[in-house]
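Have a look at the structure below, then the notes.
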Amino acid sequence: MDNSYFVGWGTLALINAGIAQGKNRSGLNWFLLSLIIGPVATLSLVILEKK
């Protein structure tokens, strides 16, 4: 499998962690969740309101 796929997935997880922290949520938890469900976590973060 192409390594760029894993780099992109990891980058998305880091971006999600930053978005989560900006919304006063746990960056680490969202990072780990993003590694598992990826773009679905991004969509969830965008839809969820700030804590």
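Residues in the sequence shown are numbered from 15 upward in steps of one, following our numbering. Cβ coordinates follow ideal geometry from the N, Cα and C atoms, glycine included.
Exercise. What residue from 31, 35, 29, 47 has the CA that sits closest to residue 65's CA?
Worked result: 35
For this session: Measure the CB-CB distance between residue 44 and residue 31 and report whether it falls below 8 Å.
Result: yes
Exercise. What do you get for residue 40, buried or exposed, if any count of 16 or more other CB atoms within 10 angstroms of its CB means buried?
Worked result: exposed
Problem set entry | Same chain, Cβ closer than 7 Å to residue 47, neighbours up to 5 away in sequence not counted | 55
For this session: In angstroms with no decimal places, state the Cα-to-Cα distance between residue 21 and residue 33.
Result: 18 Å
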